[in-house]
Amino acid sequence: MKNFRKITGALVFIFLMAGGFIFAQDKAINANQLPKTAKNFLATYFKGITVGSAIEDREIYGVDEYQVYLANGMKVEFDSNGNWKEVDGKHQKLPYGFIPASIRNYAAKNFPNTYIVKIEKERWSYKAELSNGLDLEFDKKGNFKRIDD
Numbered sequence: 004m005k006n007f008r009k010i011t012g013a014l015v016f017i018f019l020m021a022g023g024f025i026f027a028q029d030k031a032i033n034a035n036q037l038p039k040t041a042k043n044f045l046a047t048y049f050k051g052i053t054v055g056s057a058i059e060d061r062e063i064y065g066v067d068e069y070q071v072y073l074a075n076g077m078k079v080e081f082d083s084n085g086n087w088k089e090v091d092g093k094h095q096k097l098p099y100g101f102i103p104a105s106i107r108n109y110a111a112k113n114f115p116n117t118y119i120v121k122i123e124k125e126r127w128s129y130k131a132e133l134s135n136g137l138d139l140e141f142d143k144k145g146n147f148k149r150i151d152d
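Quick note on this note's numbering: the sequence shown kicks off at 4 and runs consecutively.
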């Protein structure tokens with residue numbers, strides 16, 4: 004009886020996982036189908052750079068995120084509302100307008116011969132990657148916490 008429960012539990016888990024993969028889908032979309040917030044972000048900080056492709060990542064409950072690949076090679080991820088989550092310059096300098104001033108200032112002051120090539124906004128923190136390969140971690144208010152290994 005104990006083995007039967009283990010097998011049944013394992014089968015239920017496998018079935019649920021398989022169902023999740025069936026319903027989670029990436030879908031190519033046109034850039035004008037992005038949320039207004041995302042379109043405004045791109046128009047403001049990446050003016051003149053065309054969108055190469057846009058992907059809508061759908062889960063069972065709706066859109067989870069959007070991934071936008073720009074013609075210059077950069078990638079921008081947005082949440083379901085169109086708020087930026089991550090901007091990856093692919094080793095190119097990011098436009099600084101959307102990066103909190105405290106993060107920009109800390110990087111400029113403490114690492115003057117570098118620039119930010121990637122930034123990620125998480126629920127409680129920011130992570131910024133510099134052109135020299137260092138990863139810096141900041142709290143939600145943009146205060147420096149540590150260098151991430």
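For every residue, glycine included, the Cβ atom is placed at its ideal position computed from N, Cα and C.
Setting aside the 5 residues that flank it on each side, residue 74 is surrounded in the same chain by 52, 53 and 55, each with a C-beta closer than 7 Å to its C-beta; the list follows chain order. For residue 88, the enclosing beta strand (DSSP E) has its first and last residue at 87 to 91.
Inter-residue distance for residue 43 and residue 148 is about 30 Å (C-alpha atoms, whole angstroms). The continuous alpha helix (DSSP H) containing residue 46 extends over residues 39 to 48.
Here DSSP, grouped into helix, strand and coil, assigns residue 74 to coil. Straight-line measurement puts the Cα of residue 57 at about 6 Å from the Cα of residue 34. The bridge partners DSSP lists for residue 129 are 124 and 141.
In this structure, residue 129 lies away from residue 119, with their beta-carbon atoms at least 8 Å apart. Counting along the chain, residue 148 sits inside no alpha helix (DSSP H); it lies in the beta strand (DSSP E) bounded by residues 147 to 151. Between residue 69 and residue 41 a beta carbon distance of about 6 Å is seen, short of the 8 Å cut, so the two are scored as contacting.
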